[in-house]
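Using the working numbering, you'd call the opening residue of the sequence shown number 8 and step up by one each time.
Virtual Cβ for every residue (Gly too), placed ideally from N, Cα, C.
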Amino acid sequence: MNIFVGSLPFSIEEADLRGFFEEYGTVDSVKIISDKFTGRSKGFGFVEMPNDAEAQKAIDELNGGTVEGRTIVVNKSEPKPEGERRSFNRNGNGGGGRGNFSNRDNNRGGRY
(Lines of atoms letter the chains of each structure in order from A and count residues from 1; the text may use other names and numbers.)
(Lines give C-alpha, C1' and ligand atoms only; values in the text may rest on other atoms or scores of the structure.)
Protein backbone atom coordinates (compact mmCIF):
# COMPACT_ATOMS: atom_id res chain seq x y z
CA MET A 1 0.00 0.00 0.00
CA ASN A 2 1.22 3.49 -0.82
CA ILE A 3 0.86 5.83 2.16
CA PHE A 4 0.86 9.64 2.12
CA VAL A 5 2.54 11.37 5.06
CA GLY A 6 1.97 15.12 5.36
CA SER A 7 2.83 18.02 7.66
CA LEU A 8 6.30 16.60 8.22
CA PRO A 9 8.98 18.76 9.84
CA PHE A 10 11.32 20.04 7.14
CA SER A 11 14.29 18.59 9.03
CA ILE A 12 13.11 14.95 8.99
CA GLU A 13 15.17 12.48 6.96
CA GLU A 14 13.92 9.49 4.99
CA ALA A 15 15.69 7.11 7.40
CA ASP A 16 13.77 8.63 10.32
CA LEU A 17 10.45 8.28 8.51
CA ARG A 18 11.29 4.68 7.61
CA GLY A 19 11.94 3.98 11.29
CA PHE A 20 8.47 5.15 12.32
CA PHE A 21 6.80 2.82 9.84
CA GLU A 22 9.08 -0.19 10.35
CA GLU A 23 7.61 -0.50 13.85
CA TYR A 24 4.45 -1.72 12.10
CA GLY A 25 5.95 -3.99 9.45
CA THR A 26 8.06 -4.22 6.32
CA VAL A 27 8.73 -0.99 4.43
CA ASP A 28 9.59 -1.26 0.73
CA SER A 29 10.41 2.39 0.10
CA VAL A 30 10.33 5.89 1.59
CA LYS A 31 10.42 9.13 -0.38
CA ILE A 32 10.30 12.64 1.06
CA ILE A 33 9.41 15.09 -1.68
CA SER A 34 11.80 18.00 -2.08
CA ASP A 35 11.75 21.21 -4.08
CA LYS A 36 13.62 20.61 -7.33
CA PHE A 37 15.31 24.02 -7.22
CA THR A 38 16.28 24.38 -3.55
CA GLY A 39 16.43 20.72 -2.54
CA ARG A 40 14.48 21.60 0.62
CA SER A 41 11.79 19.22 1.84
CA LYS A 42 8.25 20.17 0.90
CA GLY A 43 7.00 18.68 4.16
CA PHE A 44 5.37 15.55 2.77
CA GLY A 45 6.32 12.16 1.48
CA PHE A 46 5.26 8.63 0.66
CA VAL A 47 5.89 5.27 2.29
CA GLU A 48 5.30 1.97 0.47
CA MET A 49 4.40 -1.06 2.61
CA PRO A 50 3.69 -4.42 0.92
CA ASN A 51 1.34 -5.79 3.61
CA ASP A 52 -1.98 -3.91 3.58
CA ALA A 53 -2.92 -4.94 7.13
CA GLU A 54 0.39 -3.64 8.51
CA ALA A 55 0.07 -0.48 6.44
CA GLN A 56 -3.46 0.16 7.71
CA LYS A 57 -2.33 -0.32 11.31
CA ALA A 58 0.48 2.20 10.74
CA ILE A 59 -2.01 4.67 9.26
CA ASP A 60 -4.45 4.22 12.14
CA GLU A 61 -1.79 4.68 14.81
CA LEU A 62 0.43 7.35 13.24
CA ASN A 63 -2.25 9.68 11.82
CA GLY A 64 -2.55 12.67 14.13
CA GLY A 65 0.69 11.80 15.92
CA THR A 66 3.37 14.35 16.71
CA VAL A 67 6.83 14.46 15.14
CA GLU A 68 9.19 17.19 16.33
CA GLY A 69 6.23 19.23 17.57
CA ARG A 70 4.18 18.90 14.37
CA THR A 71 0.94 16.94 14.05
CA ILE A 72 1.35 14.71 11.01
CA VAL A 73 -1.28 13.49 8.57
CA VAL A 74 -1.06 9.85 7.49
CA ASN A 75 -3.48 8.23 5.06
CA LYS A 76 -3.72 5.89 2.11
CA SER A 77 -2.38 7.56 -1.00
CA GLU A 78 -4.80 7.62 -3.90
CA PRO A 79 -3.58 8.59 -7.37
CA LYS A 80 -5.02 11.80 -8.77
CA PRO A 81 -7.57 11.28 -11.54
CA GLU A 82 -6.11 12.20 -14.94
CA GLY A 83 -8.39 15.24 -15.28
CA GLU A 84 -6.92 16.91 -12.19
CA ARG A 85 -3.31 16.90 -13.37
CA ARG A 86 -2.02 20.16 -14.75
CA SER A 87 0.26 20.25 -17.70
CA PHE A 88 2.40 23.25 -18.51
CA ASN A 89 3.78 24.22 -21.85
CA ARG A 90 7.31 25.51 -22.29
CA ASN A 91 6.20 29.08 -21.54
CA GLY A 92 5.14 28.06 -18.03
CA ASN A 93 1.41 28.49 -18.42
CA GLY A 94 -1.40 26.01 -18.69
CA GLY A 95 -1.80 26.38 -22.43
CA GLY A 96 -4.32 28.28 -24.45
CA GLY A 97 -1.87 31.08 -25.17
CA ARG A 98 -3.32 33.43 -22.55
CA GLY A 99 -0.63 33.07 -19.92
CA ASN A 100 -1.61 34.13 -16.42
CA PHE A 101 -3.29 37.38 -17.46
CA SER A 102 -6.52 37.89 -19.30
CA ASN A 103 -9.16 40.59 -19.30
CA ARG A 104 -11.72 37.81 -19.12
CA ASP A 105 -10.29 36.80 -15.73
CA ASN A 106 -10.72 40.21 -14.09
CA ASN A 107 -12.69 43.40 -14.42
CA ARG A 108 -9.85 45.92 -14.41
CA GLY A 109 -10.42 46.81 -18.04
CA GLY A 110 -6.76 47.64 -18.61
CA ARG A 111 -4.43 45.97 -21.03
CA TYR A 112 -1.38 43.94 -20.20
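Here residue 71 is exposed, its C-beta having fewer than 16 other C-beta atoms within 10 Å.
Each of 88, 83 and 76 was checked against the Cα of residue 17, and the nearest Cα belongs to 76. For residue 52, the number of other beta carbons within 10 angstroms of its own is at least 16, and it is reported as buried. Of 47, 15, 56 and 45, the smallest CA-CA separation from residue 30 is found for 56. A distance below 8 Å between beta-carbons, with the five flanking residues on each side excluded, links residue 24 to the following residues of its chain, in chain order: 12, 15, 37, 39, 52 and 54.
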